[in-house]
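Trainee:
There are 2 protein chains.
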Amino acid sequence: MWRYEPPLRDIRFVIDEVLAAPADWARLPACAELDADTAAQVIGEAGRFAAEVLAPINGPADLEGCRWRDGAVTTPAGYAEAWRGFVDAGWPALACDAELGGQGLPQLVNAAVYEMLTAANHAWTMYPGLLHGAYECLKAHGSAALRERWLPGIVSGETLATMCLTEPQAGSDLGQVRTRAVPQPDGSLRITGGKIFISGGEHDLTDNIVHLVLCRLPDAPAGSRGLSLALVPKLLDDGSRNALRCDGIEKKMGIKGSATCVMSFEGATGWLIGEPGRGLNAMFLMMNAARLLVGLQGLGHLEMAAQNARCYAHERLQSRAPGSDSPAGDPIALHPSMRRVLNRLQALVEGQRVLAYATAHWLDLAGHDADPAARRRAQDRADLLTPVVKAMLTRNGFAGASEALQVWGGYGYIHEYGIEQTLRDSRIALIYEGTNEIQALDLVQRKILGDEGRRLGELLDELAGEAVAPASAPEELQAFAGALAAAIGDFRSAIGALADAARTDPTHAQAVAGEVLDAFGLVLLGWAWARSARIALAAAERPGADRAWLARKRATAAYGRDWLLPELATPLRLIRARGLLLPSAAQA
Amino acid sequence: MWRYEPPLRDIRFVIDEVLAAPADWARLPACAELDADTAAQVIGEAGRFAAEVLAPINGPADLEGCRWRDGAVTTPAGYAEAWRGFVDAGWPALACDAELGGQGLPQLVNAAVYEMLTAANHAWTMYPGLLHGAYECLKAHGSAALRERWLPGIVSGETLATMCLTEPQAGSDLGQVRTRAVPQPDGSLRITGGKIFISGGEHDLTDNIVHLVLCRLPDAPAGSRGLSLALVPKLLDDGSRNALRCDGIEKKMGIKGSATCVMSFEGATGWLIGEPGRGLNAMFLMMNAARLLVGLQGLGHLEMAAQNARCYAHERLQSRAPGSDSPAGDPIALHPSMRRVLNRLQALVEGQRVLAYATAHWLDLAGHDADPAARRRAQDRADLLTPVVKAMLTRNGFAGASEALQVWGGYGYIHEYGIEQTLRDSRIALIYEGTNEIQALDLVQRKILGDEGRRLGELLDELAGEAVAPASAPEELQAFAGALAAAIGDFRSAIGALADAARTDPTHAQAVAGEVLDAFGLVLLGWAWARSARIALAAAERPGADRAWLARKRATAAYGRDWLLPELATPLRLIRARGLLLPSAAQA
Numbered sequence: 136m137w138r139y140e141p142p143l144r145d146i147r148f149v150i151d152e153v154l155a156a157p158a159d160w161a162r163l164p165a166c167a168e169l170d171a172d173t174a175a176q177v178i179g180e181a182g183r184f185a186a187e188v189l190a191p192i193n194g195p196a197d198l199e200g201c202r203w204r205d206g207a208v209t210t211p212a213g214y215a216e217a218w219r220g221f222v223d224a225g226w227p228a229l230a231c232d233a234e235l236g237g238q239g240l241p242q243l244v245n246a247a248v249y250e251m252l253t254a255a256n257h258a259w260t261m262y263p264g265l266l267h268g269a270y271e272c273l274k275a276h277g278s279a280a281l282r283e284r285w286l287p288g289i290v291s292g293e294t295l296a297t298m299c300l301t302e303p304q305a306g307s308d309l310g311q312v313r314t315r316a317v318p319q320p321d322g323s324l325r326i327t328g329g330k331i332f333i334s335g336g337e338h339d340l341t342d343n344i345v346h347l348v349l350c351r352l353p354d355a356p357a358g359s360r361g362l363s364l365a366l367v368p369k370l371l372d373d374g375s376r377n378a379l380r381c382d383g384i385e386k387k388m389g390i391k392g393s394a395t396c397v398m399s400f401e402g403a404t405g406w407l408i409g410e411p412g413r414g415l416n417a418m419f420l421m422m423n424a425a426r427l428l429v430g431l432q433g434l435g436h437l438e439m440a441a442q443n444a445r446c447y448a449h450e451r452l453q454s455r456a457p458g459s460d461s462p463a464g465d466p467i468a469l470h471p472s473m474r475r476v477l478n479r480l481q482a483l484v485e486g487q488r489v490l491a492y493a494t495a496h497w498l499d500l501a502g503h504d505a506d507p508a509a510r511r512r513a514q515d516r517a518d519l520l521t522p523v524v525k526a527m528l529t530r531n532g533f534a535g536a537s538e539a540l541q542v543w544g545g546y547g548y549i550h551e552y553g554i555e556q557t558l559r560d561s562r563i564a565l566i567y568e569g570t571n572e573i574q575a576l577d578l579v580q581r582k583i584l585g586d587e588g589r590r591l592g593e594l595l596d597e598l599a600g601e602a603v604a605p606a607s608a609p610e611e612l613q614a615f616a617g618a619l620a621a622a623i624g625d626f627r628s629a630i631g632a633l634a635d636a637a638r639t640d641p642t643h644a645q646a647v648a649g650e651v652l653d654a655f656g657l658v659l660l661g662w663a664w665a666r667s668a669r670i671a672l673a674a675a676e677r678p679g680a681d682r683a684w685l686a687r688k689r690a691t692a693a694y695g696r697d698w699l700l701p702e703l704a705t706p707l708r709l710i711r712a713r714g715l716l717l718p719s720a721a722q723a
Numbered sequence: 136m137w138r139y140e141p142p143l144r145d146i147r148f149v150i151d152e153v154l155a156a157p158a159d160w161a162r163l164p165a166c167a168e169l170d171a172d173t174a175a176q177v178i179g180e181a182g183r184f185a186a187e188v189l190a191p192i193n194g195p196a197d198l199e200g201c202r203w204r205d206g207a208v209t210t211p212a213g214y215a216e217a218w219r220g221f222v223d224a225g226w227p228a229l230a231c232d233a234e235l236g237g238q239g240l241p242q243l244v245n246a247a248v249y250e251m252l253t254a255a256n257h258a259w260t261m262y263p264g265l266l267h268g269a270y271e272c273l274k275a276h277g278s279a280a281l282r283e284r285w286l287p288g289i290v291s292g293e294t295l296a297t298m299c300l301t302e303p304q305a306g307s308d309l310g311q312v313r314t315r316a317v318p319q320p321d322g323s324l325r326i327t328g329g330k331i332f333i334s335g336g337e338h339d340l341t342d343n344i345v346h347l348v349l350c351r352l353p354d355a356p357a358g359s360r361g362l363s364l365a366l367v368p369k370l371l372d373d374g375s376r377n378a379l380r381c382d383g384i385e386k387k388m389g390i391k392g393s394a395t396c397v398m399s400f401e402g403a404t405g406w407l408i409g410e411p412g413r414g415l416n417a418m419f420l421m422m423n424a425a426r427l428l429v430g431l432q433g434l435g436h437l438e439m440a441a442q443n444a445r446c447y448a449h450e451r452l453q454s455r456a457p458g459s460d461s462p463a464g465d466p467i468a469l470h471p472s473m474r475r476v477l478n479r480l481q482a483l484v485e486g487q488r489v490l491a492y493a494t495a496h497w498l499d500l501a502g503h504d505a506d507p508a509a510r511r512r513a514q515d516r517a518d519l520l521t522p523v524v525k526a527m528l529t530r531n532g533f534a535g536a537s538e539a540l541q542v543w544g545g546y547g548y549i550h551e552y553g554i555e556q557t558l559r560d561s562r563i564a565l566i567y568e569g570t571n572e573i574q575a576l577d578l579v580q581r582k583i584l585g586d587e588g589r590r591l592g593e594l595l596d597e598l599a600g601e602a603v604a605p606a607s608a609p610e611e612l613q614a615f616a617g618a619l620a621a622a623i624g625d626f627r628s629a630i631g632a633l634a635d636a637a638r639t640d641p642t643h644a645q646a647v648a649g650e651v652l653d654a655f656g657l658v659l660l661g662w663a664w665a666r667s668a669r670i671a672l673a674a675a676e677r678p679g680a681d682r683a684w685l686a687r688k689r690a691t692a693a694y695g696r697d698w699l700l701p702e703l704a705t706p707l708r709l710i711r712a713r714g715l716l717l718p719s720a721a722q723a
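Residue numbers (this note's numbering), protein chains in the order written: chain P, 136 to 723; chain Y, 136 to 723.
1. For the ligand MG, any of its heavy atoms closer than 6 Å to the Cβ of Y:L266?
2. What does DSSP give as the partner residues of Y:I549 in its beta bridges?
3. Could you run through the stretch 177 to 208 of chain Y and flag, in chain order, every residue whose CB is less than 7 Å away from some CB of chain P?
4. Cβ of P:G328 within 7 Å of Cβ of P:F400?
5. How would you list, in chain order, the residues of chain Y whose beta-carbon sits under 7 Å from the beta-carbon of P:K582?
6. Of the choices Y:L281, Y:L431, Y:K386, Y:A683, whose alpha-carbon is the least far from that of Y:L371?
7. Apart from the five residues just before and just after P:L340, which ones in its own chain have a Cβ nearer than 8 Å to its Cβ?
8. Of all the beta strand (DSSP E) runs that stay within the bounds of the stretch 502 to 527 of chain Y, which reach a length of 3 or more residues?
9. Does any residue of chain P bring its CB to less than 7 Å from the CB of Y:Y548?
10. For Y:W406, does the three-state DSSP call read helix, strand or coil?
11. Assign P:G322 to one of two classes, buried (16 or more other C-beta atoms within 10 Å of its C-beta) or exposed (fewer than that).
12. Keeping to the same chain, check which residues put their C-beta closer than 6 Å to that of P:V397; ignore five residues upstream and five downstream.
13. Could you please give the first and the last residue of the uninterrupted alpha helix (DSSP H) stretch that includes P:K369?
14. Exposed or buried, Y:S472, counting other C-beta atoms within 10 Å across all chains shown (16 or more means buried)?
15. Can you list, in chain order, the stretches of the alpha helix (DSSP H) that have 4 or more residues and sit fully within the stretch 613 to 679 of chain P?
16. Please report the straight-line C-alpha distance between Y:D640 and P:E302, rounded to a whole angstrom.
17. With the cut-off set at 7 Å, would you say Y:H267 and Y:A230 are in Cβ contact?
18. Under a CB-based cut-off of 7 Å, is P:E449 close to chain Y?
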């Protein structure tokens with residue numbers, strides 16, 4: 136009943152048509168040999184793996200969970216086998232450089248793959264989820280010796296990796312990290328301290344696990360400037376266990392197949408990655424990619440919720456739809472309130488896919504475009520979009536799962552129907568890799584106010600390209616252009632008011648950061664819908680085009696324009712209103 | 136760490152000051168002897184029971200769950216003992232008539248009690264949750280013999296009760312119910328059929344259980360007009376087991392201590408309640424009260440989430456608040472984004488408490504006021520508010536739990552911190568007793584368009600009494616009055632547009648029913664905040680008043696006015712926009 140159908144057609148439409156990425160790939164030396172068909176084939180294979188291997192073990196693993204005993208963790212049935220299949224097929228190496236044993240495919244292809252893996256099985260996908268980030272970090276900042284020793288295993292997937300950041304007193308505020316690293320005469324470090332919330336800190340998928348540990352060298356200054364990064368393997372090269380241990384796993388709301396570990400390092404041997412005191416810097420490289428990945432989790436959950444809700448709503452008969460006299464009732468998909476839910480989820484899925492994939496593509500261009508100006512422009516866009524993609528897509532993944540759950544009525548609350556697990560699994564993504572509140576602050580303070588709106592202004596100018604339609608264009612496109620032009624104009628003006636307020640009141644911009652992110656997200660969606668509709672209309676003219684499918688895409692985009700874009704009204708009002716906050720009181 | 140502090144002070148403020156209920160009680164023969172202090176004492180005792188008995192077993196019961204074996208159900212540790220304590224203290228009889236062995240207290244007091252019980256332990260409170268409804272139903276529609284046999288046990292709590300409505304093919308559409316009832320020569324019925332989602336269908340709290348079963352007599356017409364209601368006990372008077380059985384319990388997302396049963400009736404002996412074919416009518420009497428109760432569950436969850444988030448936010452140090460240079464960071468309660476969350480939850484709690492309690496009070500007046508016109512007016516208001524209280528309070532209970540969860544960051548996702556259980560437990564309330572979508576349709580079609588806006592118009596006229604402030608009133612009250620006047624005017628005008636549209640397009644009103652409910656809920660909150668602020672300001676003039684507490688109430692109301700009332704913008708826009716829905720498609 137609960138099943139995953141990889142949305143390959145829409146993925147290909149976004150990559151090939153909306154983003155026209157293959158033309159860009161041809162310009163990039165790193166992936167000049169990749170064409171659209173090859174990319175689609177890789178994505179299709181990954182979709183099959185997600186649907187056939189990962190989706191079937193998702194529900195059972197939720198019930199079984201991970202088991203911890205004496206420091207060892209057993210993952211749910213099928214997890215280790217699935218990992219071997221993943222490694223054998225070469226998936227861990229997908230976006231790694233060819234000269235390091237990887238397949239050299241762009242982040243964009245990787246993004247599509249991870250959307251599907253998470254949709255099918257978020258908990259399992261946590262294990263490889265940090266692998267590419269560890270690869271990037273080690274490749275950029277590791278010494279030659281560390282790279283030579285550890286990169287091949289990471290690329291092949293023989294070794295998995297963790298990011299050990301959080302400590303009980305250091306969550307959003309990593310400057311409070313206390314784990315100590317003491318240099319040894321042989322150049323290694325002795326690492327001592329406790330870490331929490333370490334995804335995959337211990338498991339039975341691979342023999343060895345490489346931990347990237349945020350720590351503090353002796354005499355390091357307080358705060359985040361005193362942090363360094365160390366590589367600390369579970370097994371040392373002589374085969375012995377390093378002095379680190381998993382002290383337990385958390386009992387969580389969801390992603391129960393993912394072992395969330397309490398780790399203690401008790402004089403464990405490690406090696407510095409990058410410069411002393413530059414630990415956060417070494418991690419920031421992987422930050423954009425990791426945040427994009429989390430946004431893709433939200434997208435995957437929403438796709439899964441939307442497609443299963445749609446199927447169920449067409450099967451379930453209950454009451455009569457307006458104008459019907461069917462005695463047994465009609466499919467609930469015909470009832471207006473359910474149509475609202477289904478339409479909304481689909482419009483969000485399709486619009487958000489454009490934004491997430493665009494961000495991945497811009498990261499590819501930022502990394503590989505031969506033109507430095509193009510690299511900078513792409514990086515600017517990726518910087519701006521990353522917090523929005525992370526926060527908006529995860530919020531809509533969770534909220535959309537909850538909206539979808541209503542389609543099942545009482546069945547939605549029962550495990551076997553699947554959607555309640557999606558609701559629970561999707562909730563973590565609003566928290567980790569920087570809470571959504573942190574994303575909003577990053578957007579407003581660093582990305583918008585930080586450069587006095589330069590990057591934002593440039594991007595809005597670019598988006599405005601979709602907000603004009605020649606007088607000869609079909610009425611439908613005029614409507615998209617008009618709605619987008621109004622949205623961009625209103626948003627620009629609200630940001631102007633925000634910047635004015637920020638000059639005298641440091642609190643207001645922080646207080647409405649969430650509204651700024653919401654509003655920017657809607658403007659971006661308005662752009663994505665307008666662009667998708669314009670391109671779908673053009674594509675329908677081609678011989679052999681599937682006009683019914685393209686017409687549905689345009690209708691979905693029009694639904695977003697007419698029903699979702701008006702949601703801008705509330706955040707824009709609040710950004711301008713400059714409401715006051717209550718004094719913080721410990722008691723009501 | 137996770138604990139419940141009954142909000143006795145605010146409860147009393149709402150009952151005594153905002154609603155001035157004790158003055159009304161004095162007029163009602165049924166509770167003329169009740170005074171404000173006695174009511175407060177009863178509520179205080181219930182609060183202590185909730186905090187001391189129910190709250191401590193809430194978390195462990197979530198992990199333990201219910202166990203089913205061979206038709207019997209074992210509830211979690213402490214549940215049966217808590218039930219005995221509840222019965223011994225006479226709580227089941229609280230709102231039952233004195234002449235039937237009850238305490239004759241108003242629904243309003245009962246509402247406060249159930250808010251607290253649910254806040255402390257939703258799953259446990261499911262067991263007595265339907266008892267009062269069964270009492271009302273049996274009292275009004277049962278034969279003398281049935282009343283005499285079964286009412287005393289229900290009043291005392293010696294016997295618990297269920298509502299057996301849902302069948303696999305009959306959820307929101309009860310007209311599809313198939314369970315058969317065949318009359319026997321002795322006047323009893325033989326009941327045969329299967330029911331699902333039966334809360335408390337089997338358990339170990341009481342020896343006997345009374346099932347109220349929706350069923351169909353031979354030759355009954357199809358649809359809801361053919362439904363009858365039967366009383367079917369688990370144990371017959373000779374001590375033998377009736378021919379009914381619990382075939383299993385559901386594995387649910389939350390309220391795991393509540394046994395949600397699959398029931399089969401295999402020629403079980405029962406007796407008709409009320410007229411043949413009038414089964415739904417007999418249940419509608421309990422519907423308003425049951426829906427109000429579900430709204431109170433949402434309120435209880437929100438209160439629990441808000442008060443625990445506030446405590447945690449004042450303990451947890453992380454990063455610096457604007458303007459601070461504390462090296463260890465500041466309490467996160469000082470960070471603007473967290474203050475927004477805490478302020479919002481508190482404003483919703485306080486405004487919604489007024490609305491839920493007002494509905495309960497109107498039900499009391501509708502039942503007992505000596506003046507028929509006053510009874511009708513109170514019933515009109517309760518009818519209008521009930522779907523809003525059910526849907527808005529449950530949605531905010533769940534959404535508020537999710538917003539609160541962000542305050543804990545990663546800890547929020549872990550079972551031991553409590554909030555993730557609140558999120559899971561609260562989710563069911565959006566579904567049962569009529570999904571929130573059904574509530575919105577009920578509001579729009581039956582309650583608003585059904586009488587061409589008469590009841591709504593009368594209520595809005597009444598609310599508008601808070602939307603005027605004399606020129607001499609303090610600026611603060613002018614601001615409340617002005618905001619409320621604008622909200623009422625905008626809402627009236629949107630409802631006019633809705634009614635116009637409904638004349639030509641039957642789909643639009645259904646499509647925007649959720650927005651109508653959202654907007655009406657905000658208008659009602661605007662009224663509740665304005666009224667609470669006006670009354671708090673006046674109360675501060677009294678000798679001995681706690682001015683700091685009253686000032687905080689006003690500030691909370693002002694936060695609602697300035698930050699939440701502007702959310703009207705979006706639903707009002709969508710009600711007017713007459714957007715189109717997509718044709719329903721089985722595939723994307």
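Quick reminder that beta carbons are idealized off the backbone N, C-alpha and C, glycines included. Quick caveat, the model's predicted, so the values are computed rather than measured.
Mentor: From the atom records:
1. Here there are no bound small molecules, and the ligand MG is not part of this structure.
2. P:K387
3. none
4. yes
5. Near P:K582 there are no residues of chain Y at all, since even the closest Cβ is about 16 Å away, more than 7 Å.
6. Y:L281
7. T210, Y214, A215, W218, Y262, L295
8. none
9. yes
10. strand
11. exposed
12. I331, D382, G383
13. Where P:K369 is concerned, there is no enclosing alpha helix (DSSP H), given that its DSSP letter is neither H nor E.
14. buried
15. 641 to 646, 648 to 674
16. 58 Å
17. yes
18. It is His, not Glu, that sits at residue 449 of chain P in the sequence shown. P:H449 counts as touching chain Y.
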